[in-house]
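Numbering (my numbering), first residue to last: 309 to 1085. All residues carry an ideal CB built from backbone N, CA and C; glycine is no exception.
In C-alpha cells, the structure reads:
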C-alpha cells in the first residue's frame, strides 16, 4: 500500500474518524495526490460543505502546506459566480482542512467521458464563456491558476443549463509576488497533459503569465472538440512535446472541423506566449466568430435548399417567371452553385417559348376567325386553307378539327356536284352515279334535294347493266375460291408428307406421328399416310402427344415433359455431361395415380408405416384407399422396391441421377430449378415453412425447372438410380422438413437408412421417366 493511501485511510468514517473540528464527515467524494475531499456537515452553520483535508506525513511538507494555505487565502479572496467559494480554513488534530461550497455535480472530465469524449462547438462555447469569465477575473487580479484541466472544473445542473465552477487553486500564482517557482521538489508544478511551454522550460519561453492559462485553455478546447489532448504519452514525452513539438493537426483526427476553427486551436497552442490570444475571453471571441460564421453558412445552406426546392417546383409546373426570380435569389447566395445556371437557362428558354407561344396563339385566333368568315361566305377553299394553318400550328386548337372537317366536306361535295353534272351530261352513268353518291353521303338534303333527283336519273340504266354482270361475277368468285382452297390444301399436304417421310426415315417417331396426324386432317384418303401414322404410333408406345414438349402417358394418365438431347452441367463441380432425349413426369406420382397401380396389383401392399410421424400419410389397409382429401398429394411411404414396381407397371422407369439433375437444373448449371436465387416459401416446400406435404403443382409455375418439372426440389425426396453409389440408388431434391441446402439441384441424400430397398419414409416419393425416340445429341 502506498504512503499516500496510508495517510488517507485513517480519515475514513468507516475507521472511526467522523469529525474534524466542527465538521462531521459524511462520505469521501474525491481524492488527489496529497488531499482527500469529503462531503461534510458544518455543525455550527448547519450546512453541507466540501471539506478538503491534508493529513499524515504531508502535513510535514512545508512547500505543500504553503501552497495549501495559499489556495485557501487566494480562493477566499475571490468572489465570482464561476469560482469556488471558500468558507473556512484551519488545522485540527494534526490535519489541515479547507471548507468550501459543496457542488452537487460532476467534473468536466467525467462529463466529457459521459458524452463520448467530444462536445460540439455550441456546447463547448456555452461552457467556455463561463470559464473565460472566471479566468479574466483572475487575470484582472494578477493571478495565474497554473493547473487548469477538466478535473478541476465542476459542472452542476441539467445538460441544457449547466453551471461551471473553477476549483483547486493550490498552484495559483500572484504576478505581484517575487517568487518564480515553477518546479516542486519532485518536478514541474501542474498536470503534465495541460502544461504550458513556459511551465516546462522557463529559460526559453519565459515566466508564467495569464497566457499560461490561455495555453491550458487551448489544450482543453482541443480535447473537447477533437476527443483527445494534443499530446499524449508518459511524463517525459509530454514535457518535451509541450516545450518543443507542434500539436497534431486536428483535421488528421477529426474530419468535421472547419479550417477557421483549426486556426483558433493552433493559435491558442503556439509556444511563444505573446503569439497566443491575449486573454481567455479573446479566445472565446474567436471561437464565437467561428460559430457565427458556421451558423451563417448553415442558415445560407438552409435558405439555399429551400430556394432550390421552390425552384424545382416552379420548373415542374413550368412557372418560368417564378423560376427566374428564384434563380436570381440563389445566385445572390451562391453564384457558382452547380444547379442554378442550368435552371436559369431553362427559365430563360421557357420565357422565350411562352412569348413565342403567345404570338402563335394570337396568329391562330386570326386564322380561325378568317376560316369562320369564309364558311359563312361559302368560300370553301379559303376556309380550308385558314383552318389548315391553325391545325398545322396546333392540332388541339378548340374546334379546329371539326371546322376543318366541315370546310373540307363542303369543298368536296361542291367539287363532286360539278363532276356529277358533267358526267351526266356526257352519259357516263356510272361515274355520274358515284359522284352523286359522294355528294349525298350523309347529306341527303344537299341543296334542297337537287342531288337526289339527279342521282335517280342515272341509276336506271346502271341497274340494267348490273343485273347482267352480277351472275357472271358470282360464279367466277365461287370457282376461284374453290381453286385457291384446293391449291393451298395440296401445298400444305405435300409439305407435311415430305416431313413425314423424313421423320420415318430418321426414326423420329414423335415427329412422324405429329406430322402424320396433321396430314390426315388435310387429306384423309392420301395413299400410304394412314399406314405410316399407324407405324409411328406403334413405335412411340403408350403416349398421347399433346405438343412437341408435352404428352399424356396412357397407362397412368400422367402428364410428362420433354428433356431435349444435349450437353448439360452436372454436380457442384459443374462437369459437362451429355444425354439423349427423354421424357419425365411433370409432377410427382400422386395418391390417386398410385391407386391405379394398386387396383391392378391387389397383392401389392399399400403405403403404411407404424411411425407416429406417418399417421397423416397412411392408407387404409383393408379398403386399400388413400387418406381422405389427399388424392392430389404426392404418394409417400413407398420404398425403393415399391417405386420400381410402379414404374414397371406404368411402362416407365426411375430416372438416373444424371437425368434427374438435367431435368431439375436445365443446361446452364443453375443452383435451383428457378435460377440461382435462394429458395423462399413461395418457390418450394422446404425448411418446415409449410408444416408438411403440399399438393403437387402448388409452386408451379414460379418454382418450375427449365423443362417445366413442378416441385422437383422440396416437398419430398425422389428415388433415382445412380452409378455413383455403391448400392445403385440415391435420393434427390430435398423435402419439406429439410433445410435450404438440401433443395439445391446438386444435393443428394447419403443416409444408408433411407437407401434400404424395403424401408419406406413419409418424405420420399416417385417421379418416372420414359424414352420415346432415339434422339441423341
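Quiz prompt | Where the beta strand (DSSP E) containing residue 399 begins and where it ends | solution = Its beta strand (DSSP E) spans residues 394–400.
Self-check item: Nearest to residue 1027 (by Cα), restricted to the options 990, 953, 1008, 557
Solution: Of the candidates 990, 953, 1008, 557, the one whose C-alpha sits nearest the C-alpha of residue 1027 is 953.
Practice problem: Starting from residue 1095, trace the beta strand (DSSP E) both ways and give me its first and last residue. | Solution: For residue 1095 there is no data in the structure shown, the boundaries of the chain being 309 and 1085.
Quiz item: DSSP on residue 938, reduced to helix/strand/coil?
Solution: Coil, per DSSP.
Quiz item: Does the distance from the C-beta atom of residue 598 to that of residue 564 stay below 8 Å?
Solution: The answer is no: Cβ separation not under 8 Å.
Quiz item: Helix, strand or coil: which one does DSSP assign to residue 260?
Solution: The chain is shown only over 309 to 1085; residue 260 falls outside these bounds and no answer can be derived.
Quiz item: Span of the alpha helix (DSSP H) holding residue 635?
Solution: Residue 635: member of the alpha helix (DSSP H) spanning 628–641, first to last residue.
Exercise. For residue 348, count neighbouring Cβ atoms within 10 angstroms of its own Cβ and tell me buried if that reaches 16, exposed if not.
Key: Counting Cβ neighbours within 10 Å, residue 348 comes out buried, since at least 16 surround it.
Quiz item: For residue 886 versus residue 978, is the C-beta spacing smaller than 8 Å?
Solution: No, the Cβ-Cβ distance between residue 886 and residue 978 is not below 8 Å.
Practice problem: Could you tell me whether the stretch 864–882 touches the stretch 955–969, using the rule of 3 or more Cβ pairs below 8 Å? | Solution: At 8 Å Cβ cutoff, the stretches touch.
Quiz item: Per DSSP, residue 858 is paired with what?
Solution: Answer is 855, 869.
Practice problem: Have a look at residue 939 and residue 813 and give me their C-alpha separation to the nearest angstrom. | Solution: Roughly 43 Å between the two C-alpha positions.
Self-check item: Chain-order list of residues whose beta-carbon lies under 8 Å from that of residue 695 (same chain, five-residue window excluded)
Solution: Excluding sequence neighbours, residue 695 sits near 675, 676, 679, 708, 711, 712, 715.
Quiz prompt | Residues of its chain near residue 434, where Cβ-Cβ distance is below 8 Å and the 5 sequence neighbours each way are ignored | solution = Once the five neighbours on either side are set aside, the close Cβ partners of residue 434 are 470.
Quiz item: From which residue to which residue does the alpha helix (DSSP H) around residue 331 run?
Solution: Per DSSP, residue 331 belongs to no alpha helix (DSSP H); it is in the beta strand (DSSP E), 331–339.
Quiz item: So what does DSSP say about residue 462, is it helix, strand or coil?
Solution: Residue 462 carries a strand assignment under DSSP once its states are collapsed to helix, strand and coil.
Quiz item: What are the boundary residues of the alpha helix (DSSP H) that includes residue 532?
Solution: Its alpha helix (DSSP H) spans residues 518–534.
Quiz item: Would you report the Cα separation of residue 593 and residue 657, rounded to the nearest angstrom?
Solution: Roughly 49 Å separates the two Cα atoms.
Exercise. Pull up the CB-CB distance for residue 472 and residue 461, whole angstroms please, since I reckon it's below 8 Å.
Key: That belief holds up - the Cβ atoms of residue 472 and residue 461 are roughly 6 Å apart, short of 8 Å.
Quiz prompt | Where residue 1057 sits in the DSSP three-state scheme | solution = Residue 1057 carries a strand assignment under DSSP once its states are collapsed to helix, strand and coil.
Quiz item: How about residue 971 and residue 1015: do their beta carbons lie closer than 8 Å?
Solution: In contact: residue 971 and residue 1015 (Cβ atoms closer than 8 Å).
Exercise. Determine the closest residue to residue 612 out of 625, 624, 646, with distance taken between C-alpha atoms.
Key: Answer by Cα proximity: 646.
Exercise. Taking residue 449 as the reference, give the member of 892, 741, 386 with the closest Cα.
Key: The option with the nearest alpha carbon to residue 449 is 386.
Self-check item: Best match in 691, 649, 685, 702 for proximity to residue 670 [C-alpha to C-alpha]
Solution: Of the candidates 691, 649, 685, 702, 702 places its Cα closest to the Cα of residue 670.
Quiz item: In this structure, what does DSSP give as the bridge partners for residue 362?
Solution: The partner list for residue 362 (beta bridge, DSSP) reads 404.
Self-check item: Limits of the unbroken beta strand (DSSP E) element including residue 559
Solution: Unbroken run through residue 559: none, as it is neither H nor E.
Exercise. Take residue 345 and list the residues in its own chain whose beta-carbon comes closer than 8 Å to its own, dropping the five residues that flank it on each side.
Key: Excluding sequence neighbours, residue 345 sits near 336, 337, 338, 339, 358, 359, 360, 361.
Quiz prompt | residue 682 versus 718, 967, 667, residue with shortest Cα-Cα distance | solution = Checking every option, the nearest Cα to that of residue 682 belongs to 718.
Quiz item: Alpha carbon to alpha carbon, what distance is there between residue 424 and residue 606?
Solution: Roughly 25 Å between the two C-alpha positions.
Exercise. May I ask you to list the residues that DSSP assigns as paired with residue 892?
Key: Answer is 869, 1077.
Quiz item: For the putative contact between residue 1073 and residue 923, defined by C-beta atoms under 8 Å, what is the C-beta separation to the nearest angstrom?
Solution: The pair is not a contact, with the Cβ atoms about 18 Å apart (cut-off 8 Å).
Practice problem: Starting from residue 585, trace the beta strand (DSSP E) both ways and give me its first and last residue. | Solution: The continuous stretches of beta strand (DSSP E) do not include residue 585, and DSSP gives it neither H nor E.
Exercise. Using alpha carbons as the reference points, say which of 430, 644, 705, 630 lies closest to residue 596.
Key: Among 430, 644, 705, 630, the Cα nearest to that of residue 596 belongs to 430.
Self-check item: Inter-residue spacing [alpha-carbon to alpha-carbon] between residue 490 and residue 574
Solution: Any answer about residue 490 is weak, because its pLDDT of 39 lies below 50 and its placement is not dependable; what the coordinates show is given next. A straight-line Cα-Cα distance of about 25 Å links residue 490 and residue 574.
Self-check item: Exposure label - residue 520; buried when at least 16 CB within 10 Å
Solution: Its Cβ being crowded by 16 or more others within 10 Å, residue 520 is buried.
Quiz prompt | Residue from 621, 365, 374, 396 with nearest C-alpha to residue 402 | solution = That would be 365, whose Cα lies nearest to the Cα of residue 402.
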